[in-house]
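Here is the structure we will look at.
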Amino acid sequence: DGFLFRYVLDYLRDKQVVLPDHFPEKGRLRKEAEYFQLPELVKLLTQDDIKHSPDDYFHSDHEDGSQGSDQRQCPPPSLVPADRKSGFIT
Numbered sequence: 005d006g007f008l009f010r011y012v013l014d015y016l017r018d019k020q021v022v023l024p025d026h027f028p029e030k031g032r033l034r035k036e037a038e039y040f041q042l043p044e045l046v047k048l049l050t051q052d053d054i055k056h057s058p059d060d061y062f063h064s065d066h067e068d069g070s071q072g073s074d075q076r077q078c079p080p081p082s083l084v085p086a087d088r089k090s091g092f093i094t
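In structure tokens form, the structure reads like this:
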């Protein structure tokens, strides 16, 4: 699932997972982690203290209600957390 795999890739890069505040796909993401045999990611997804990104600025394609639009909402650089400024293709 391309929507969920972006979080798997982020984990493989950084060994941490950052999810939107309201992320209803946590169970499905855990199943993806099990499928790809990533026990540490499974463990992180089982915990309740996962880091969250402010969903006001980081929208997923899945959550975006404007279908057919190629425009993505991006926050001003001054509002992007330092650890999210580079290396992410989402």
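Residue numbers (the working numbering): 5 to 94.
C-beta atoms are modelled at their ideal positions from N, C-alpha and C, and glycine is treated no differently.
All figures in this text were calculated on a predicted structure; none of them were measured in a lab.
Alpha carbon to alpha carbon, what distance is there between residue j and residue i?
i	j	result
Tyr15	Glu36	12 Å
Lys47	Lys30	12 Å
Asp18	Leu49	15 Å
Pro24	Tyr39	22 Å
Leu8	His26	14 Å
Gly6	Gln51	23 Å
Leu13	Pro28	19 Å
How close, in whole Å, do the beta carbons of residue i and residue j come, if the pair is a contact with beta carbons under 8 Å?
i	j	result
Leu42	Tyr11	No, Leu42 and Tyr11 are not in contact; Cβ-Cβ is about 11 Å, not under 8 Å.
Leu45	Val21	7 Å
Hey, could you find the ends of the alpha helix (DSSP H) residue i is sitting in?
i	result
Leu13	6-18
Pro43	43-50
Glu29	Glu29 -> no alpha helix (DSSP H), and no H or E assigned at all.
How far does the beta strand (DSSP E) with residue i in it reach, from first residue to last?
i	result
Val22	22-24
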